[in-house]
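Quick note on numbering: the sequence shown equals residues 1 to 602 in the UniProt record's numbering. Okay, structure first, notes after.
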Amino acid sequence: MSNAKSFKISTAGAATFVSSDSMEPLETLVIAILDGSGSMGEPSARPGGAAAAESTLFNRMDIVKHATNTVAAVAGSCPNASLALIRFSDAADTVLPITQMNAAGVTKAQHAVNYLEPGGGTNIWAGLGKALDLAESFAKSKPEANIHIILLTDGEPTPDYLPMGGIQAALSRRLGTMTAKPVISSFGFGFNLDSKLLETICVAGNGTYGYIPDCSMAGTVFINYCAAAFTTVATNVSVNGQYVGNILAGSKRTLYAASPVGSTAAITYGNSVAAAATVSAASENDGDNAKVVARLRADLAAASHSSRMAANDFTGLRALKAWIGDPDGGFRTAIMADLEHPSDDKGQLTRAISREDWFNSWGLNHLLSYSRGLASEQCVNFKEAALQFYAAPAFAAVRDRGNDLFDRLPMPKASLVHRADPVLQAAVRTGTVNMATLNNAAGGCFTGDSLIEMVGGSVPVNTVKAGDRLASGDKVRCVVRTVLEPSDGVKMLELSTGLTITAWHPVRTDSTSSWLFPADLTQINRAWLHHEPVSMYYTFVMESGHVMRIGGYDVIGLGHHFTGPVIGHAFFGTDAVIDFLKTYEGWSEGTVTLKLSDWPKV
1 MSNAKSFKIS
11 TAGAATFVSS
21 DSMEPLETLV
31 IAILDGSGSM
41 GEPSARPGGA
51 AAAESTLFNR
61 MDIVKHATNT
71 VAAVAGSCPN
81 ASLALIRFSD
91 AADTVLPITQ
101 MNAAGVTKAQ
111 HAVNYLEPGG
121 GTNIWAGLGK
131 ALDLAESFAK
141 SKPEANIHII
151 LLTDGEPTPD
161 YLPMGGIQAA
171 LSRRLGTMTA
181 KPVISSFGFG
191 FNLDSKLLET
201 ICVAGNGTYG
211 YIPDCSMAGT
221 VFINYCAAAF
231 TTVATNVSVN
241 GQYVGNILAG
251 SKRTLYAASP
261 VGSTAAITYG
271 NSVAAAATVS
281 AASENDGDNA
291 KVVARLRADL
301 AAASHSSRMA
311 ANDFTGLRAL
321 KAWIGDPDGG
331 FRTAIMADLE
341 HPSDDKGQLT
351 RAISREDWFN
361 SWGLNHLLSY
371 SRGLASEQCV
381 NFKEAALQFY
391 AAPAFAAVRD
401 RGNDLFDRLP
411 MPKASLVHRA
421 DPVLQAAVRT
431 GTVNMATLNN
441 AAGGCFTGDS
451 LIEMVGGSVP
461 VNTVKAGDRL
471 ASGDKVRCVV
481 RTVLEPSDGV
491 KMLELSTGLT
501 ITAWHPVRTD
511 STSSWLFPAD
521 LTQINRAWLH
531 HEPVSMYYTF
541 VMESGHVMRI
551 GGYDVIGLGH
561 HFTGPVIGHA
571 FFGTDAVIDF
581 LKTYEGWSEG
591 TVTLKLSDWP
601 KV
């Protein structure tokens, strides 16, 4: 048959690895089920939590809308991608039928999303049922298509709307009657989730789990989801009668069953299409990695299903680092960093179980998301070191494109602006709320020819060294340089003849006591786009004070511990960024040089 696929099968130890030679993504349909219940009008961020100030502007529906627009935009950049939208509250209705995501289709999707408003109860099963109907209908005409269902909800189902036996049992029954085998993924918004319910849904659908506690995680979660969905080259793969799942371009899947080298493996994929491949020997390292993943998945399951955060449920996870032994400099080293690390933004697996309040507020959801990433062998965000190894080149290309598209999306409507700080209210009115908050910010910096006020007068930034003193007397602790490539696409703004700076690095003018983003100043001051190529930009860590005077503006340094609108940041404004910089060569000497890609996308 013309669309027949070939596969490679290899084995090491008790694991069998499956990959496809195909690099052409399948026609893909994403059916998004959007929670439109009344609780979606509640704040997206936990009251008093650590989320950036911008997060307080948005309710859960605002973030769901923006996430859905992200999926539509990325789908519009991929060939043969379609989207359908289902909204549910007391009942479910289709607000966008199956639509090809060309330019006109993306516009239709955005219009459909932007008119949604919260209200009513939470009938998750009604939304799932309608999505499954749509998937089954589509599969009849496109039996080889790659069909995904995504549930976007705050995870609080109304008891009166639960089907007989509960959602898990009803979903299992329904999937058992279907010829279509859609991948079903769950995405939980807010901080009152029925996390276990969302996990059972994505486990039944062989999908991933995304946790969006506030707007800061919206970009990373959905961009990575799209990169997986739109690079799928084979669906419903089984080897020797054992289910493997979907395969992404340039990636492999792991089956925990031995296959004799030289034997012929029977393969089925898609709509029960048959294939075969001769089993070859995989590397010993691949076998060792599979063994570590199997152990980690078991320990994560024990920890995430702890009923009362019982200590014995976490024994395996805490002991895993010692069990792994010597790191390999690659995948297993990354797992060890995900398990435990001195930096606040790493080592989240053991940090998630280190305190009961953390486990209950975010830790459980983190364990579930990470576990589903391992099970699906997919990267689910920008942060977890080991999961980045699942990002093959085709995946990374879509992810990079998605990141650019996300940054260009219009700012979502902020439904809770009436509750916000007056400075934030003004920013919303001028359209200058920080879009980087909804994705992952890179470190904001300024050019080397910007003029900084030092003891003795103004000098170019690129002449400053560790130990030099500002005009204020504060001492420079470390110079941080970021090397830029033309492909990085960094946009700089000229605020004055002495300051060229990235758009989202907080500054303060002489006329205001409030911190602003340079992008804000395009509304009230003269600021213009810097068109000359920039090969390197700079920022500083100060020993104290943390405020520099550059080109007539106050400019903030890294790790400043200031809080409040614009200036507060959970990474760049805390010791987390200092811990990150300490891991790089040159910290002790006072000069750290990075590439843009080295910065964590936090």
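Every residue, glycine too, gets a C-beta built ideally from N, C-alpha and C. Computed from a predicted structure; not experimentally measured.
Between the CA atoms of residue j and residue i - distance to the nearest angstrom
i: A570; j: G210; result: 20 Å
i: S272; j: Y243; result: 12 Å
i: Y390; j: F446; result: 34 Å
i: I147; j: A169; result: 22 Å
i: P342; j: M336; result: 12 Å
i: V483; j: L596; result: 7 Å
i: V292; j: A14; result: 12 Å
i: S19; j: T264; result: 15 Å
i: K582; j: V541; result: 12 Å
i: T463; j: G448; result: 8 Å
i: K181; j: K142; result: 12 Å
i: Y537; j: G586; result: 17 Å
i: K8; j: F331; result: 22 Å
i: V566; j: V507; result: 9 Å
i: residue 624; j: R408; result: Look at the range of the chain in this structure, 1 to 602, and you will see that residue 624 is not part of it.
i: L387; j: A103; result: 32 Å
i: E453; j: P600; result: 30 Å
i: L405; j: T70; result: 8 Å
i: P159; j: D93; result: 20 Å
i: G545; j: L470; result: 10 Å
i: A67; j: A218; result: 6 Å
i: P422; j: L57; result: Residue placement at P422 is flagged as unreliable, the pLDDT there being 43, under the threshold of 50; the coordinate-derived value follows with that caveat. Their backbone Cα atoms lie some 12 Å apart in a straight line.
i: L28; j: L558; result: Sequence inspection shows Thr at residue 28; the Leu mentioned does not correspond to that position. Rounded to the nearest angstrom, the two C-alpha atoms are 43 Å apart.
i: C327; j: R477; result: Looking at the sequence shown, residue 327 is not Cys but Pro. Their Cα atoms are separated by approximately 32 Å.
i: T539; j: V479; result: 6 Å
i: L296; j: F222; result: 25 Å
i: I212; j: L198; result: 13 Å
For residue i, three-class secondary structure by DSSP
i: D338; result: helix
i: Y242; result: For the sequence presented, residue 242 should be read as Gln rather than Tyr. Correct three-state label for Q242: strand.
i: L484; result: coil
i: Q378; result: coil
i: S172; result: helix
i: A282; result: coil
i: R549; result: strand
i: C445; result: coil
i: Q425; result: Note that Q425 scores a pLDDT of 47, beneath 50, so its modelled location is shaky; the value from the coordinates is reported in the next line. The answer is helix: DSSP assigns Q425 an H, G or I state.
i: K465; result: coil
i: Y222; result: According to the sequence shown, residue 222 is Phe rather than Tyr. Residue state, collapsed to three classes: helix.
i: residue 603; result: Because the chain is modelled from 1 through 602, residue 603 falls outside the range shown and cannot be assessed.
i: H66; result: helix
i: P518; result: helix
i: N360; result: helix
i: R401; result: helix
i: L211; result: The sequence given here places Tyr at residue 211; Leu does not occur at that position. DSSP places Y211 in strand when its eight states are reduced to three.
i: M40; result: helix
Short Cβ contact (9 Å threshold) for residue i with residue j
i: E377; j: A12; result: no
i: K5; j: A275; result: yes
i: I324; j: L451; result: no
i: G250; j: F382; result: no
i: A32; j: L152; result: yes
i: N224; j: R399; result: yes
i: T16; j: V237; result: no
i: G205; j: L175; result: yes
i: V106; j: A145; result: no
i: G38; j: G127; result: no
i: A282; j: S10; result: yes
i: R372; j: T208; result: yes
i: S89; j: G190; result: no
Residue from the options whose Cα sits closest to the Cα of residue i
i: L493; options: V479, K475, V534; result: V534
i: R481; options: D214, D286, T593; result: T593
i: L499; options: G552, D579, G467; result: G552
i: G573; options: S514, P97, D598, H505; result: H505
Neighbour-count burial assignment, residue i, 16 or more Cβ in a 10 Å radius
i: H561; result: exposed
i: R355; result: exposed
i: D154; result: buried
i: N289; result: buried
i: A75; result: buried
i: T179; result: exposed
i: K465; result: exposed
i: T254; result: buried
C-beta neighbour in chain D for residue i, strict 9 Å
i: R60; result: Considering every chain present, this structure includes no chain D. It has just one protein chain.
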